[in-house]
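Here's the structure, in structure tokens; my notes come after.
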Amino acid sequence: MKGLYAYIIRRLILLIPVVLGVMLITFILMHSIPGNPVAYLGGSGKLPPEAVEKLVKIYGLDQPLFIQFFLYLANLFQGNLGTSISVNPGANITDLIVTAFPHTVELTIYSAIIMILVGIPAGVISAKKRNSLTDNVTRVGALIGVSMPVFWLGIMLQIIFGVVFPIFPILWAGIHEPAVKVTGIYLIDGFISLDFRTIVDSIMHYALPAIALGALSLSIVTRMVRSSMLEVLGEDYIRTARAKGCSENATIYRHALRNSLIPATTVIGLQIGGLLGGAVLTETVFAIPGIGRLITDAIMRSDYPLVMAGVLFIAIIYILSNLVVDVLYAYLDPRIRY
Amino acid sequence: MTVNVLLSIRNLKTHFFTEEGVVQALDGVDLEVYEKEIIGLVGETGSGKSVTALSVMRLIPQPGFIVDGEIFFKGKPLHLLSEEQMLRIRGKEITMIFQDPMNALNPVFTVGNQIAETILLHNDVTYKEAFNQSIELLRKLNIPKPERIVNSYPHELSGGMRQRIQIAIGLACQPALLIADEPTTALDATIEVQVLELIKKLRDEFNTSIMLITHDLGVIAEMCDRVVVMYAGNIVEKTDVKTIFKQPLHPYTQALLEAIPYAEKKKKSRLTTIPGTVPNLINPPSGCRFHPRCKHAMKVCKTLKPMLLEEQPGHFVSCFLYSKNKEAAESKGGVFEPLPDRIIY
Ligand SMILES: Nc1ncnc2c1ncn2[C@@H]1O[C@H](COP(=O)(O)OP(=O)(O)OP(=O)(O)O)[C@@H](O)[C@H]1O
Ligand code: SF4
Ligand SMILES: [Mg+2]
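Those protein sequences? They're chains C and E, same order as listed. Okay, so the first sequence: first residue is 679 according to my numbering, each after it adds one. Okay, so the second sequence: first residue is 10 according to my numbering, each after it adds one.
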């Protein structure tokens, strides 16, 4: 266990060079594509040239690139992510991220629930009843799941369950605001303020986007669990379990499941890490103001500081979720020690 | 000593229905295991030793099925029991341990947990009691520091220790029959001796009958009361251990024994020293399955199948060289002339 803590700390220290690298690459990439954030200001009417010049000075855009970079880093280490230039002029970037992230987390929660609660059992049953009708249906379903474009599935769901059978709202907007807002995640705030309407609203509004987004991860997890389950079922210790007198269910759920979840953990963890980084297409189709949307807007409008902050944020989230996966791995598999 | 039959296998045929064709892995196996005896199963690789054992356990892997024959254990017809009834026999009355000590234990549970599981499956005890019983069991088996061992994971133990743990799992419910499928093949010589001694102790102290599957005639000589020699899904010879070494009758057994002096030097005999190859069991040789490799093969060996008949009291052999099979074949018009056109090595 002591080794595990040391390992976690080592991994956290490793974050620093990774973050610097990510920042540098993003910075270079952002400045190698044409576009000037100030050009997006002023709405339909163009800003007068003097104003543009003044703004360019304020944001330091006239400085040499490496100075801009070091200025940015200096601010960053003081905990200052800067202000948005063109997406939401003048707004504090930390505030923008803190507002957007809970929506992404909420979408991730629902998608992860679908992925885990449907994907794992589907994979297990599929492996258990190998080559049966159930197995074949599951496999075809998973194949469709991985081949369907997310935005297409999202739009289809909107048409079928939002328009033809108007069960679910098409767009995200319109969730009842709970009395207490602690996390910004409607589902959780709903429970905290015991606001039944918020909870139901949250579920209804996130159902379609979660299905659209979760379909891919769900299919990946199902396939993964199925194949690792099949592999584990061929292991010698499964035969030992049977020779002890374990029933088919005890063999599968006690002896095989945990072993087959070891490789599946990686996939699930990385999928969740990916989901937390924002699902650009899903957030766009369903108009969810999450982190993915925020960063795409920033890229479209060359909002350098916002892009930098967003990418940094996603990189850290991704690295942390990797770390969680590794820790979980060590917990599931006693052979792994750090 | 009264000899009571514990397990009796009659005309057992287990086939695998693969895509390439039907693998006739067992082609009418007849054998019995008496109470408190150690019976050895020898034969080259692919001769059907493991399939025989797995058939008794009713754990034949897909796509294998028992297509004919009977297995009686304490008078119960195992071949007719439902899966539920088998669950109460496996691990409790008959247990099996396997060759590979690396993989035979589940890597994610402690060994104490895995021993306790067997106890828990077949006895009305709490987990705590079962866990304490497993410590006791390890102590009885003279395993050092049992309190420490039970909390270890399999990967933390040596191969020999893992094999002892397998034996402990097998023994947890004091079964009447323990099937050990090459329990020491993967171990080095000194550990092998210790594990074999442990197995012998089971018979002496717990009165367990043991079916010991091995490639190693040295192990047979050391451990067994009786021996069954298998070749390509058939039993070719069956007798007590003294007779098999002093007076082997079947040409295959003779060839195996001739291969020994050479093998002794190489420490572990793998029984690969007999000329020719093990036949394909999808299209097995007609008549006596050994005839393509037999020095004494006759025309009759290609046309008729010898039966396992009692040539001398307690000594069964399946070969046309001996009187019982000879008589039977003569009445069916078998021709006793050397087989022409054979590749002699
Ligand atoms: N799952 C399977 N599918 C198809 N054929 C099989 C299967 N398992 C065993 N067989 C066949 O059954 C025959 C007997 O195999 P078995 O494992 O009993 O041999 P063995 O005597 O135990 O050999 P070894 O000494 O190598 O363990 C072999 O010809 C093998 O090809
Ligand atoms: S029956 Fe014929 S072929 Fe078979 S072992 Fe005897 S002599 Fe050889
Ligand atoms: Mg075998």
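Beta carbons: idealized from backbone N, C-alpha and C, even for Gly. For clarity, every value in this text was computed on a predicted model and none was experimentally measured.
Do residue i and residue j have their CB atoms nearer than 8 Å?
{"i": "residue 185 (chain E)", "j": "residue 102 (chain E)", "result": "yes"}
{"i": "residue 840 (chain C)", "j": "residue 886 (chain C)", "result": "yes"}
{"i": "residue 69 (chain E)", "j": "residue 40 (chain E)", "result": "no"}
{"i": "residue 751 (chain C)", "j": "residue 772 (chain C)", "result": "no"}
{"i": "residue 968 (chain C)", "j": "residue 781 (chain C)", "result": "yes"}
{"i": "residue 747 (chain C)", "j": "residue 779 (chain C)", "result": "no"}
{"i": "residue 193 (chain E)", "j": "residue 201 (chain E)", "result": "yes"}
{"i": "residue 235 (chain E)", "j": "residue 45 (chain E)", "result": "no"}
{"i": "residue 119 (chain E)", "j": "residue 161 (chain E)", "result": "yes"}
{"i": "residue 943 (chain C)", "j": "residue 896 (chain C)", "result": "no"}
{"i": "residue 306 (chain E)", "j": "residue 265 (chain E)", "result": "no"}
{"i": "residue 880 (chain C)", "j": "residue 865 (chain C)", "result": "yes"}
{"i": "residue 308 (chain E)", "j": "residue 346 (chain E)", "result": "yes"}
{"i": "residue 295 (chain E)", "j": "residue 312 (chain E)", "result": "yes"}
{"i": "residue 940 (chain C)", "j": "residue 1004 (chain C)", "result": "no"}
{"i": "residue 187 (chain E)", "j": "residue 104 (chain E)", "result": "yes"}
{"i": "residue 893 (chain C)", "j": "residue 831 (chain C)", "result": "yes"}
{"i": "residue 73 (chain E)", "j": "residue 23 (chain E)", "result": "yes"}
{"i": "residue 237 (chain E)", "j": "residue 50 (chain E)", "result": "yes"}
{"i": "residue 774 (chain C)", "j": "residue 766 (chain C)", "result": "yes"}
{"i": "residue 970 (chain C)", "j": "residue 952 (chain C)", "result": "no"}
{"i": "residue 982 (chain C)", "j": "residue 715 (chain C)", "result": "yes"}
{"i": "residue 749 (chain C)", "j": "residue 757 (chain C)", "result": "no"}
{"i": "residue 882 (chain C)", "j": "residue 843 (chain C)", "result": "no"}
For residue i, go through chain E and note every residue whose CB falls closer than 8 Å to its CB, in chain order.
{"i": "residue 937 (chain C)", "result": "115, 116, 117"}
Cβ closer than 9 Å: which chain E residues qualify as neighbours of residue i?
{"i": "residue 914 (chain C)", "result": "107, 108, 109, 111, 112, 113, 114"}
{"i": "residue 923 (chain C)", "result": "95, 96, 97, 98, 99, 100, 101, 104, 127, 130, 131, 182"}
List, in chain order, every chain C residue whose beta-carbon is nearer than 8 Å to that of residue i.
{"i": "residue 164 (chain E)", "result": "1012, 1013"}
Anything in chain C within Cβ reach of residue i, meaning under 7 Å, just list it in chain order.
{"i": "residue 66 (chain E)", "result": "921"}
How would you label residue i, buried or exposed, when you count the other beta carbons within 10 angstroms and need 16 or more for buried?
{"i": "residue 299 (chain E)", "result": "buried"}
{"i": "residue 1009 (chain C)", "result": "exposed"}
{"i": "residue 809 (chain C)", "result": "exposed"}
{"i": "residue 336 (chain E)", "result": "exposed"}
{"i": "residue 274 (chain E)", "result": "With a pLDDT of 45 at residue 274 (chain E), under the threshold of 50, the modelled position of that residue is not reliable, and the figure given next carries that caveat. Residue 274 (chain E) comes out exposed."}
{"i": "residue 167 (chain E)", "result": "exposed"}
{"i": "residue 1017 (chain C)", "result": "Past the edges of chain C, shown from 679 to 1016, lies residue 1017 (chain C), and the structure says nothing about it."}
{"i": "residue 744 (chain C)", "result": "exposed"}
{"i": "residue 196 (chain E)", "result": "buried"}
{"i": "residue 784 (chain C)", "result": "buried"}
{"i": "residue 99 (chain E)", "result": "buried"}
{"i": "residue 915 (chain C)", "result": "buried"}
{"i": "residue 341 (chain E)", "result": "exposed"}
{"i": "residue 727 (chain C)", "result": "exposed"}
{"i": "residue 258 (chain E)", "result": "buried"}
{"i": "residue 963 (chain C)", "result": "buried"}
{"i": "residue 815 (chain C)", "result": "exposed"}
{"i": "residue 333 (chain E)", "result": "buried"}
{"i": "residue 26 (chain E)", "result": "exposed"}
{"i": "residue 278 (chain E)", "result": "Bear in mind that the predicted position of residue 278 (chain E) carries a pLDDT of just 48, short of 50, making it unreliable; the figure below should be weighed with that in mind. Flag for residue 278 (chain E) reads buried."}
{"i": "residue 961 (chain C)", "result": "buried"}
{"i": "residue 89 (chain E)", "result": "exposed"}
{"i": "residue 1015 (chain C)", "result": "exposed"}
{"i": "residue 855 (chain C)", "result": "exposed"}
{"i": "residue 179 (chain E)", "result": "buried"}
Quick one: which chain C residues come within Cβ less than 9 Å of residue i?
{"i": "residue 178 (chain E)", "result": "918, 921, 922"}
Using a C-beta to C-beta distance shorter than 7 Å, which residues of chain A count as neighbours of residue i?
{"i": "residue 933 (chain C)", "result": "Protein chains C and E are contained in the structure displayed, whereas chain A is not."}
Exercise for the section: Using the beta-carbon of each residue, find all residues closer than 6 Å to any heavy atom of ligand 3 and list them in chain order. Expected result: E:58, E:59, E:190
Handout entry: Contact between the segment 919-937 of chain C and the segment 946-961 of chain C (3+ Cβ pairs under 8 Å)
Key = no
Practice task
Mind the definition here: the segment 171-184 of chain E touches the segment 108-115 of chain E only if three or more C-beta pairs lie below 8 Å; say whether that holds.
Solution key: yes
Exercise for the section: Count the C-beta pairs between the segment 289-303 of chain E and the segment 229-248 of chain E that are closer than 8 Å, then say yes if the count reaches three, no if not. Expected result: yes
Practice task
Count the C-beta pairs between the segment 795-802 of chain C and the segment 894-914 of chain C that are closer than 8 Å, then say yes if the count reaches three, no if not.
Solution key: yes
Exercise for the section: Determine contact between the segment 875-893 of chain C and the segment 782-793 of chain C, defined as no fewer than three beta-carbon pairs at a distance below 8 Å. Expected result: yes
Exercise for the section: Check whether the segment 131-147 of chain E touches the segment 989-1006 of chain C, taking contact to mean three or more Cβ pairs, one atom from each stretch, closer than 8 Å. Expected result: no
Practice task
Examine the Cβ distances between the segment 902-919 of chain C and the segment 869-878 of chain C and report whether three or more of them are shorter than 8 Å.
Solution key: no
Handout entry: Segment contact flag, the segment 209-224 of chain E with the segment 45-61 of chain E, C-beta cutoff 8 Å, min 3 pairs
Key = yes
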